[in-house]
Structure formats: C-alpha cells, structure tokens
Amino acid sequence: MSLWQIYHPIGTYANPASKVAFAEDITKMYTNVSLPAFYVVVQFIPLPTEDFLVGGKQVTGKPFIRVVITQIAIRLPDDDASYNRNTASIDKILGPHVADKGYDWEYHVDETERRLWKINGMTPPPWKSVKRRSYGQRRTGQFLTMVPTDSGFQIDVSRQCNNRLGIGRLLL
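Under UniProt numbering, read the sequence shown as residues 1 to 172, first letter to last.
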C-alpha cells in the first residue's frame with residue numbers, strides 16, 4: 001500500500017481532472033514495479049492558507065504543497081542508491097503537478113512495517129510471492145475481491161467489494 005496525502009491551499013487542486021491526472025501518475029510509479037493499482041491511495045487535503053505555517057509564519061505568495069508518503073507494501077533496501085532512485089521517481093511525478101507550476105513544496109516518505117497492514121481485514125501477500133502475483137492479476141472489466149480461505153485468501157472475480165472507498169477492488 002502507498003498512501004499519498006497531499007496538503008494544499010484551498011483552490012490549488014480545485015479541478016477534479018487535475019487530481020485524477022496527479023493520482024494516475026502516482027499510481028503508475030507503483031504499478032511499474034508490479035503492485036496492484038488498488039494498493040495506491042491518494043488524498044487531496046485542502047487547507048485554508050492561514051493554516052499553512054513554515055518557520056512559525058503564515059505562507060504567503062506561492063502555494064505551498066506538503067506531501068506525506070507512507071509506503072508499506074515494499075520496503076526499500078537500506079542503501080543510498082535505492083533511496084536516490086525512489087526520490088528521483090517521486091520528483092518526476094511531482095514535476096508537472098507541483099514543481100512546474102511554480103509552487104513551493106516539500107515531501108517525506110515513511111516506511112511502515114507491513115505486518116501492521118491489512119485491507120478489508122486481510123493481510124496482503126508479500127511482494128513478488130506467488131500469492132501476490134495472482135492477487136494483483138489483471139482481469140479486464142471485472143472486479144477482483146480478496147476472499148479468505150483456510151490457506152490465506154484467493155481472488156474472487158464474481159463479487160464486488162461494496163465499501164465506500166473501493167479498497168479491495170480493481171477495475172482494469
């Protein structure tokens with residue numbers, strides 16, 4: 001799972017199409033490394049400009065965008081090259097949606113212990129495992145739902161998850 005929380009001044013991402021384009025670019029970063037698209041959650045959190053303070057002072061002028069990224073499904077190897085590749089990927093995503101618009105911005109990435117993560121009450125399989133490959137399998141036009149079994153879970157394409165956020169389903 002990857003959770004991107006994008007804090008921004010009210011009106012900065014007012015156009016729904018700009019949010020979708022930003023979220024699609026974020027999602028590609030993860031699907032390019034074989035994670036299912038439904039692992040990616042993006043939240044746009046608008047705040048009044050008076051609620052943005054940097055160094056104890058209200059931010060004026062250019063919009064300030066603060067991005068908090070939580071990664072759970074995959075932990076980066078503990079080496080500079082891996083961290084640099086990851087931040088370069090993030091910088092590339094932020095380019096057209098933040099940096100190129102002239103906004104001021106900052107982000108950080110947290111890596112959460114995956115054993116503390118569940119989707120709809122079930123623990124997702126480890127990355128690159130046989131179970132994970134079938135879990136994220138693409139079925140055009142069908143919803144994929146995790147169904148618990150005695151040995152863990154399986155994919156059921158005949159049911160649709162009915163939760164409000166759509167987590168646990170993938171429509172490709």
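Backbone N, C-alpha and C fix where the C-beta goes; we use that ideal spot for every residue, glycine too.
query: Please determine, among Pro16, Ile90 and Phe38, the residue with the shortest C-alpha to C-alpha distance to Ile69.; result: Ile90
query: Taking DSSP as the reference, what is the three-state secondary structure of Ser34?; result: coil
query: Can you give the Cα-Cα distance for Ala73 and Ser18, rounded to whole angstroms?; result: 26 Å
query: Taking C-alpha atoms, which residue in Met122, Val98, Ile119 and Pro126 lies nearest to Ile6?; result: Val98
query: Should Ser2 go down as buried or exposed, given a rule of 16 or more other Cβ atoms within 10 Å for buried?; result: buried
query: Hey, Tyr103 and Ile65 are a contact pair by Cβ (cut 8 Å); roughly how many whole angstroms apart?; result: 5 Å
query: Below 8 Å CB to CB, which residues in the same chain sit around Asp25 once its five sequence neighbours on both sides are set aside?; result: Ile93, Pro96 and His97
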